[in-house]
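Asker:
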Amino acid sequence: EPEVTQTPSHQVTQMGQEVILRCVPISNHLYFYWYRQILGQKVEFLVSFYNNEISEKSEIFDDQFSVERPDGSNFTLKIRSTKLEDSAMYFCASSESWRGNTDTQYFGPGTRLTVL
Amino acid sequence: AQSVTQLGSHVSVSEGALVLLRCNYSSSVPPYLFWYVQYPNQGLQLLLKYTTGATLVKGINGFEAEFKKSETSFHLTKPSAHMSDAAEYFCAVSEVSGNTPLVFGKGTRLSVIA
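If you read the sequences in order, they're chains B and P. Take the first sequence: its letters are residues 153 to 268, numbered as in my numbering. Take the second sequence: its letters are residues 8 to 121, numbered as in my numbering.
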């Protein structure tokens with residue numbers, strides 16, 4: 153069964169450094185998402201992406217965050233200058249249809265980001 | 008704004024006992040409702056979802072949930088717990104209009120005791 157993959161599974165970085173989290177969505181899916189979960193808190197939406205542009209973003213997704221689909225398979229989340237509070241599990245998801253809210257969002261296993 | 012409340016961050020049941028995980032939501036419009044499960048070191052997997060139609064929804068692994076509009080609830084149940092059901096369970100909601108993102112609850116960790 154097709155699945156969303158994410159690399160790396162765990163990333164440790166120093167405060168102020170740039171990190172890029174990578175995701176490979178399911179191949180025929182059109183909508184892509186990033187969510188994050190700070191330890192002990194809710195899974196929170198960051199951004200959705202469709203047709204090579206951001207379709208929606210949360211207030212968390214400020215100027216230090218960016219997303220990109222650099223080729224036909226990868227979907228990346230970049231954090232320009234990491235802060236301690238960026239430490240979290242980051243989940244990538246994808247859905248098949250433009251009617252994203254009626255379709256199932258398929259999630260990857262997550263990347264645990266630790267900022268020291 | 009939508010929100011989801013999951014009562015109990017940790018639920019423990021004996022093997023063979025009923026599983027009941029509670030989820031209440033708030034939404035200004037009739038929502039779509041989801042239950043996801045996360046096994047250790049894995050991604051979030053959809054258990055079941057309610058969009059329209061029958062309010063009792065059956066999912067994978069013997070789980071089901073009932074949408075009760077009057078109670079704004081979408082509780083997850085399974086008649087008989089199995090050791091393999093031990094995982095983190097997340098309730099989520101999305102609006103009916105547009106491609107709105109999922110709004111999640113904090114999750115409930117289910118432990119199954121032999």
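For every residue, glycine included, the Cβ atom is placed at its ideal position computed from N, Cα and C.
For chain P, find out if any of its Cβ atoms is closer than 8 Å to the Cβ of Phe201 (chain B); answer yes or no.
Answerer: Locating residue 201 (chain B) in the first sequence gives position 49, counting from the first residue. Phe201 (chain B) does not count as touching chain P.
Asker: Residues of chain P with CB closer than 7 Å to the CB of Gln163 (chain B), please, in chain order.
Answerer: Along the first sequence, one-based indexing puts residue 163 (chain B) at 11. None at all; the shortest Cβ gap to chain P is about 15 Å.
Asker: Pick out whichever of B:Thr234, B:Val156, B:Leu268 has its Cα sitting closest to the Cα of Gln52 (chain P).
Answerer: As a working note, residue 52 (chain P) is residue 45 in the second sequence. Selected option, being the one with the closest Cα: B:Val156.
Asker: Quick one: complete beta strand (DSSP E) runs, 3+ long, within the stretch 37 to 78 of chain P?
Answerer: 39 to 45, 51 to 57, 63 to 65, 71 to 75
Asker: Along chain P, which residues have their Cβ under 7 Å away from the Cβ of Tyr185 (chain B)?
Answerer: Residue numbering aside, residue 185 (chain B) sits at position 33 when the first sequence is read from its first letter. Within chain P, the residues near Tyr185 (chain B) are Pro108.
Asker: Decide if Pro38 (chain P) is buried, meaning its Cβ has at least 16 other Cβ atoms within 10 Å, or exposed.
Answerer: Residue 38 (chain P) sits at position 31 when you count from the first residue of the second sequence. With 16 or more Cβ atoms within 10 Å of its Cβ, Pro38 (chain P) is classed as buried.
Asker: Can you name the residues that DSSP bridges to Arg232 (chain B)?
Answerer: For the purposes of this step, residue 232 (chain B) is identified with residue 80 of the first sequence, where counting begins at 1. Per DSSP, none; premise fails for Arg232 (chain B).
Asker: Can you give the Cα-Cα distance for Phe217 (chain B) and Leu265 (chain B), rounded to whole angstroms?
Answerer: For the purposes of this step, residue 217 (chain B) is identified with residue 65 of the first sequence, where counting begins at 1. For the purposes of this step, residue 265 (chain B) is identified with residue 113 of the first sequence, where counting begins at 1. Roughly 14 Å between the two C-alpha positions.
Asker: Would a check of beta-carbon distances place Glu208 (chain B) closer than 8 Å to chain P?
Answerer: Residue 208 (chain B) sits at position 56 when you count from the first residue of the first sequence. Yes, because at least one Cβ of chain P sits closer than 8 Å to the Cβ of Glu208 (chain B).
Asker: Going along chain B, which residues have a C-beta under 9 Å from Lys113 (chain P)?
Answerer: To locate residue 113 (chain P), count along the second sequence from 1; it is residue 106. Result: Gly192, Gln193, Lys194, Val195.
Asker: Just to confirm my understanding: we take Tyr185 (chain B), look at its own chain, exclude 5 residues before and 5 after, and list those with CB closer than 6 Å. What are they?
Answerer: Along the first sequence, one-based indexing puts residue 185 (chain B) at 33. For Tyr185 (chain B), where only same-chain residues beyond five positions count, the Cβ hits under 6 Å are Ser200, Ala245.
Asker: To the nearest angstrom, how far is the alpha carbon of Tyr57 (chain P) from that of Leu83 (chain P)?
Answerer: Translated into positions along the second sequence, residue 57 (chain P) becomes position 50. Translated into positions along the second sequence, residue 83 (chain P) becomes position 76. C-alpha separation (whole angstroms): 12 Å.
Asker: Output the distance between the C-alpha atoms of Gly105 (chain P) and Asp255 (chain B), rounded to the nearest integer angstrom.
Answerer: Within the second sequence, the letter at position 98 stands for residue 105 (chain P). Within the first sequence, the letter at position 103 stands for residue 255 (chain B). With a pLDDT of 44 at Gly105 (chain P), under the threshold of 50, the modelled position of that residue is not reliable, and the figure given next carries that caveat. Distance between the alpha carbons of Gly105 (chain P) and Asp255 (chain B) is about 11 Å.
Asker: Would you check if there are 3 or more beta carbon pairs closer than 8 Å linking the stretch 15 to 28 of chain P to the stretch 204 to 214 of chain B?
Answerer: Counting Cβ pairs under 8 Å, fewer than three are found: no touch.
Asker: Below 7 Å on C-beta distance, what does Phe97 (chain P) contact in chain B?
Answerer: By 1-based counting over the second sequence, the position of residue 97 (chain P) is 90. Those are Val195, listed as they occur along chain B.
Asker: Per DSSP, which one or two residues make a beta bridge with Ala121 (chain P)?
Answerer: The sequence position of residue 121 (chain P) within the second sequence is 114, counting from 1. According to DSSP, Ala121 (chain P) bridges with nothing at all.
Asker: How many angstroms separate the CA atom of Leu109 (chain P) from the CA atom of Ala99 (chain P)?
Answerer: In the second sequence, counting from the first residue as 1, residue 109 (chain P) sits at position 102. In the second sequence, counting from the first residue as 1, residue 99 (chain P) sits at position 92. Those two C-alpha atoms are separated by around 6 Å.
Asker: In chain B, what lies closer than 7 Å to Ala51 (chain P) by C-beta?
Answerer: Locating residue 51 (chain P) in the second sequence gives position 44, counting from the first residue. It is Leu, not Ala, that sits at residue 51 (chain P) in the sequence shown. Near Leu51 (chain P) (Cβ distances below 7 Å), the residues of chain B are Phe243, Phe259.
Asker: Please state whether the Cβ-Cβ distance between Glu95 (chain P) and Gln45 (chain P) is less than 8 Å.
Answerer: To locate residue 95 (chain P), count along the second sequence from 1; it is residue 88. To locate residue 45 (chain P), count along the second sequence from 1; it is residue 38. It is a contact, given that the beta carbons lie within the stated cut-off.
Asker: Do you know how far the Cα of Thr159 (chain B) is from the Cα of Val26 (chain P)?
Answerer: In the second sequence, residue 26 (chain P) corresponds to position 19, counting from 1. In the first sequence, residue 159 (chain B) corresponds to position 7, counting from 1. Going from the Cα of Val26 (chain P) to the Cα of Thr159 (chain B) covers about 34 Å.
Asker: Does any residue of chain B bring its CB to less than 8 Å from the CB of Asn48 (chain P)?
Answerer: Sequence index remark: in the second sequence, residue 48 (chain P) carries index 41 (1-based). At least one chain B Cβ lies under 8 Å of Asn48 (chain P).
Asker: Within its chain, find whatever has a CB closer than 6 Å to the CB of Gly69 (chain P); leave out the 5 residues flanking it on each side and keep chain order.
Answerer: By 1-based counting over the second sequence, the position of residue 69 (chain P) is 62. If we look at Gly69 (chain P) and ignore the five residues flanking it on each side, its Cβ neighbours are Lys85.
Asker: Put Ser33 (chain P) into one of helix, strand or coil per three-state DSSP.
Answerer: Counting from one through the second sequence, the residue named residue 33 (chain P) turns up at place 26. Correct three-state label for Ser33 (chain P): strand.
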